[in-house]
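In my numbering, the protein residues as written are 161 to 248.
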């Protein structure tokens with residue numbers, strides 16, 4: 161069983177908002193991207209002007225910095241994350 165989640169802190173490091181969800185059985189990379197997507201959407205909804213995101217899976221960082229082929233199984237998740245980042 162895989163859980164993913166995250167939290168948002170303010171500029172002083174104080175807790176603002178958090179989330180956690182059980183998504184069933186998947187790999188750590190997909191779980192990481194689910195958390196990234198949720199965190200990005202939450203930060204936008206809360207009006208966070210600047211966001212520093214810390215990830216546990218280095219491969220997720222690589223995928224965000226260098227998007228891959230459209231046929232990759234995680235393409236939709238990665239593209240959705242990038243769209244939120246670009247929209248600001």
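The beta carbon of each residue, even a glycine, is placed where N, CA and C say it ideally should be.
Quick one: residues in its chain with C-beta nearer than 7 Å to the C-beta of residue i, no 5 flanking neighbours on either side, listed in chain order?
| i | result |
| --- | --- |
| residue 183 | 162, 164, 191, 194 |
If you count every other CB in all the chains shown that lies within 10 Å of the CB of residue i, and 16 or more means buried, which is it?
| i | result |
| --- | --- |
| residue 243 | exposed |
| residue 166 | buried |
| residue 206 | exposed |
Rounding to the nearest angstrom, what Cα-Cα distance links residue i and residue j in this structure?
| i | j | result |
| --- | --- | --- |
| residue 196 | residue 203 | 10 Å |
| residue 221 | residue 215 | 7 Å |
| residue 180 | residue 239 | 22 Å |
| residue 211 | residue 187 | 26 Å |
| residue 176 | residue 169 | 5 Å |
| residue 185 | residue 198 | 18 Å |
According to DSSP, residue i sits in a beta bridge with which residue or residues?
| i | result |
| --- | --- |
| residue 169 | 175 |
| residue 162 | 184 |
Looking at the structure shown, is residue i part of a helix, part of a strand, or coil, going by DSSP?
| i | result |
| --- | --- |
| residue 231 | coil |
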